[in-house]
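Remarks on the structure that follows.
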Amino acid sequence: MRLLVVEDDPDLNRQLFDALTDAGYVVDKALDGEEGHF
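Residue numbers (numbering that gives the first Met the number 0): 0 to 37.
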């Protein structure tokens with residue numbers, strides 16, 4: 000399953016990315032809604 004994490008706090012964004020990747024998900028990340036929309 001592929002997920003998109005949109006979180007403006009860089010540390011929390013990275014933590015979510017790492018945790019979800021470790022759980023076996025394919026994760027894209029963005030730091031704001033505009034970036035996540037593309």
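Cβ coordinates follow ideal geometry from the N, Cα and C atoms, glycine included.
Between the alpha carbons of Asp8 and Asp21 lies a gap of roughly 20 Å.
In the assembly as shown, Val4 is a buried residue. Its beta-carbon has 16 or more other beta-carbons within 10 Å.
For Met0, the closest C-alpha among the options Phe37, Val25 and His36 is that of Val25. In this structure, the straight-line span from the alpha carbon of Asp17 to that of Leu30 is close to 15 Å.
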